[in-house]
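As they're listed, the protein sequences go chains A and B. When the first sequence is numbered by our numbering, its final residue is 81 and no position is left out of the sequence of numbers. When the second sequence is numbered by our numbering, its final residue is 203 and no position is left out of the sequence of numbers. Structure record follows, encoded as C-alpha cells.
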Amino acid sequence: MPVRLRIHVMMAERNVTARDIAARISLSETQLSLLRTGKVRGLRFDTLAKLCYVLGCKPGDLIDYEPDERDMAEVPAP
Amino acid sequence: MVFKHSGLRPVGIAIKVFTVVLALVLIDHMSGALTAMKWVIGDAGANVALVFAFWTTLLAPGFYLIALWSLGNFFSRGSSPEVFSSEASRCIRSTGSSLLTGAGCALMVEPLAIATLTAEGMHFDVTLVVEDLTIGLIGLALYVLVASAEQLRDELKEFI
Chain A
4 MPVRLRIHVM MAERNVTARD IAARISLSET QLSLLRTGKV RGLRFDTLAK
54 LCYVLGCKPG DLIDYEPDER DMAEVPAP
Chain B
44 MVFKHSGLRP VGIAIKVFTV VLALVLIDHM SGALTAMKWV IGDAGANVAL
94 VFAFWTTLLA PGFYLIALWS LGNFFSRGSS PEVFSSEASR CIRSTGSSLL
144 TGAGCALMVE PLAIATLTAE GMHFDVTLVV EDLTIGLIGL ALYVLVASAE
194 QLRDELKEFI
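Here you go:
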C-alpha cells in the first residue's frame with residue numbers, strides 16, 4: 004500500500020521538533036515516531052486534524068500516494 | 044477511545060452490596076440446611092461424606108457470587124478511562140470464567156459428589172440443568188467476547 008505520510012517533511016519545513024508536535028497534539032513521542040515512519044495501520048481523522056492544525060497545512064500535504072495495481076488485487080471483479 | 048463510566052460506579056457499588064447480601068442469605072440458608080441434615084448416628088465416615096457432599100453444593104453459588112463481585116468491580120473501576128482497559132478485560136473475563144465454573148460445578152461436580160458420597164444416587168433436575176447450562180454458556184460467551192474485544196483493542200491501538 005504505497006500511501007505514505009509526509010509528516011517528517013512538513014516538520015522539517017516548519018522547523019519544529021517531534022517533541023513539540025507530540026506535546027501539542029497529546030501524542031506520545033513513540034506514537035509520533037510510528038506515524039513518521041509509517042509503521043501504523045491507520046490514522047484517525049482527529050489526529051490528522053490536529054496535525055494539520057499545528058503544522059498549518061492540509062491533509063494532502065501530509066499524505067502521499069503512488070498508484071500501485073496491487074492495491075486493487077483484493078477487490079473482487081465486478 | 045474514552046468512555047465516561049464514572050456514572051456507573053453506583054451500579055458497581057450496588058452490585059457489590061447485593062452480592063454481600065446474597066452471600067449472607069446463602070450462609071443463613073445453608074447453615075439451616077446443615078443442621079437439618081440426616082446424620083447417621085455411629086457412622087463417622089458416612090457423616091464426613093455427608094458434610095463433604097454438602098460443601099460441594101456451595102461451589103456453584105459461590106462461583107456465581109464471585110462472578111457478581113467481578114461484575115461489580117467492572118462497573119466500579121475508576122482508574123482507567125479506556126473502555127477495554129486491562130482491568131475491564133480482567134473483570135469481565137473473571138465474570139465469564141466464574142459463571143462457567145459455577146455452572147460446571149452445578150452440572151457435574153455436585154451431582155457426582157452427592158451420588159458418590161451419599162446413598163441418594165445420581166439425579167438431575169431438568170429445570171436446574173437448563174438454568175445452569177444457560178448460565179454456563181453465557182459465561183463462555185463473555186469469556187470468548189472478551190478475547191475478541193482484546194484482539195479488536197490491540198488492532199485499534201495500531202490506529203493513531
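C-beta: ideal position from N, C-alpha, C; glycine also.
Residue span of the alpha helix (DSSP H) that contains B/Ile70, given as start and end:
52–78
By the DSSP assignment, the beta strand (DSSP E) with B/Lys136 in it spans what residues?
In the sequence under discussion, the amino acid at residue 136 of chain B is Arg, which differs from the Lys named in the question. No beta strand (DSSP E) holds B/Arg136; the alpha helix (DSSP H) holding it covers 129–147.
In the region 24–38 of chain A, which residues sit with their C-beta less than 9 Å from some C-beta in chain B, listed in chain order?
Leu30, Gln34, Leu35, Leu37, Leu38
What residue does the beta strand (DSSP E) around A/Val6 start on, and which one ends it?
6–8
Any beta-carbon of chain B closer than 7 Å to the one on A/Val1?
Absent from the structure is residue 1 of chain A, since the part of chain A shown begins at 4 and ends at 81.
Check whether the Cβ of B/Glu130 lies closer than 7 Å to any Cβ atom in chain A.
no
Between B/Met44 and chain A, is the shortest Cβ-Cβ distance under 7 Å, so that the two count as touching?
Here B/Met44 scores only 46 on pLDDT, less than 50, and its place in the model should not be relied on; the value that follows carries that caveat. For B/Met44, the answer is no, since every Cβ of chain A falls outside 7 Å of its Cβ.
Find out if the Cβ-Cβ distance for the pair B/Phe118, B/Leu51 is shorter than 7 Å.
yes
Quick check on the DSSP output: the alpha helix (DSSP H) that includes B/Ile109 runs from which residue to which?
102–119
If I'm right that B/Phe202 touches A/Val6 with Cβ under 8 Å, what's the distance once you round it to whole angstroms?
Going by Cβ atoms, the distance from B/Phe202 to A/Val6 rounds to 14 Å, so no, they are not a contact pair.
Who pairs with B/Leu202 in a beta bridge, going by DSSP?
Before going further, note that residue 202 of chain B is Phe rather than Leu in the sequence given. Looking at the DSSP assignment, B/Phe202 forms a beta bridge with A/Gly45.
Between which two residues does the alpha helix (DSSP H) carrying A/Ile66 extend?
Looking at the DSSP string, A/Ile66 is not in any alpha helix (DSSP H); the run it does join, the beta strand (DSSP E), is 66–68.
So with CB distances below 7 Å, who are the chain A contacts of B/Phe127?
The premise fails here: B/Phe127 is roughly 17 Å from chain A at the closest Cβ pair, so nothing lies under 7 Å.
Coil, strand or helix - B/Gly85 by DSSP:
coil
With H, G and I counted as helix, E and B as strand and the rest as coil, what does DSSP make of B/Asn90?
helix
Can you find the residues in the same chain that come closer than 6 Å, C-beta to C-beta, to B/Leu160, ignoring five residues on each side of it along the sequence?
Ala92, Phe95, Ala96
Closest residue to B/Met151 among B/Ser113, B/Val172, B/Ser132, B/Asp71 (Cα-Cα distance):
B/Val172
Exposed or buried, B/Phe106, counting other C-beta atoms within 10 Å across all chains shown (16 or more means buried)?
buried
Using a Cβ-Cβ distance cut-off of 7 Å, determine whether A/Gly63 contacts chain B.
no
Which residues mark the beginning and the end of the alpha helix (DSSP H) in which B/Ile157 is found?
153–160
With 16 as the cutoff for other CB atoms within 10 Å, does B/Val189 come out buried or exposed?
buried
CB of A/Ala25 within 7 Å of CB of A/Leu35, strictly:
yes
Starting from B/Glu201, find everything on chain A with Cβ-Cβ shorter than 8 Å and list it in chain order.
Val43, Arg44, Gly45
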